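K.L.:
Adding 133 to a residue's 1-based position in the sequence shown gives its number in our numbering. Heads up, the beta-carbon is just placed ideally off N, CA and C, and yes, glycines get one too. Computed from a predicted structure; not experimentally measured. My questions all concern the structure below.
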Amino acid sequence: MKSKLIVALDVDGLQEAMAVVQATRDVVDIFKVGSQLFTRVGPRIIEFLHENGKECFLDLKFHDIPNAVAKAVESAAALRVRMLTLHACGGEEMLKAASAVPKHPLLLGVTVLTSVGGNVQAEVLRLAKLAKRCGLNGAISSPREIHPLREMMGENFLIVTPGIRPAKTERDDQRRTMTPAEAMIAGADYIVVGRPIIATSNPALAARRIAEEIVFASGSLA
């Protein structure tokens, strides 16, 4: 069974990213590559992940005219990434153009960023419903919206959740957070963790503890 923990490679260079992958490879199958790292090193990091039997969640949050987004999805498909993000607020035409690309990666609609505070549940649900109607495979939402999303969308819709903070750690710039166990119990398919792993002195230990918490929480749901 694939690990439900995705580690965010939010670092500045290829060597740093490689070190995080090597440290956490025993408990992580998918690594997130965002704009910070991809802008620095490009597809080489994706090649490195494939060379090491790992998969890439390419988190570039595409938001452009429909044709440009469709071409970007084609490029991501050629790189054999596992998951890809688009801003759901890009609208129906853009989302449908993305989902029409043959053999596209798993497409995830970004709803409301986890750095945004306040009551955003209605907007998250609206955007997730739009993403599903347009053929996307799932959505990105904060932990606080997982439960209502799962109730509305059912089981055949991926929910990938950033904003995860283990107990007794800083929230940083995240606003709508939960612990790994809380997010899994609420119904997340995958959780994305960055700084609580990569900013520690022992990323391997931090990742292992979170992975164990996920397994424990998943077992409680069985």
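Under DSSP, the beta strand (DSSP E) around H220 begins and ends at which residues?
P.N.:
216-220 is the extent of the beta strand (DSSP E) around H220.
K.L.:
Since R215 and C189 should fall inside the 8 Å C-beta cutoff, what is the C-beta to C-beta distance between them, to a whole number of angstroms?
P.N.:
6 Å
K.L.:
In this structure, does DSSP put L191 in helix, strand or coil?
P.N.:
strand
K.L.:
From what residue to what residue does the beta strand (DSSP E) around T312 run?
P.N.:
No beta strand (DSSP E) contains T312, which DSSP labels as neither H nor E.
K.L.:
Start and end of the alpha helix (DSSP H) containing T157?
P.N.:
Here the alpha helix (DSSP H) through T157 covers 147-157.
K.L.:
If you compare alpha carbons, which of H183, K229, A321 is closest to E288?
P.N.:
A321
K.L.:
Following the continuous beta strand (DSSP E) through K265, name the residue where it begins and the one where it ends.
P.N.:
No beta strand (DSSP E) holds K265; the alpha helix (DSSP H) holding it covers 254-266.
K.L.:
If you reduce the DSSP assignment to three classes, tell me which class L142 lands in.
P.N.:
coil
K.L.:
Please classify A350: is it buried, with 16 or more other beta-carbons within 10 angstroms of its beta-carbon, or exposed?
P.N.:
Buried: at least 16 other Cβ atoms inside 10 Å.
K.L.:
Counting only the same chain and skipping the five closest in sequence on each side, list residues whose C-beta sits under 8 Å from that of Q254.
P.N.:
R277, E278, P281
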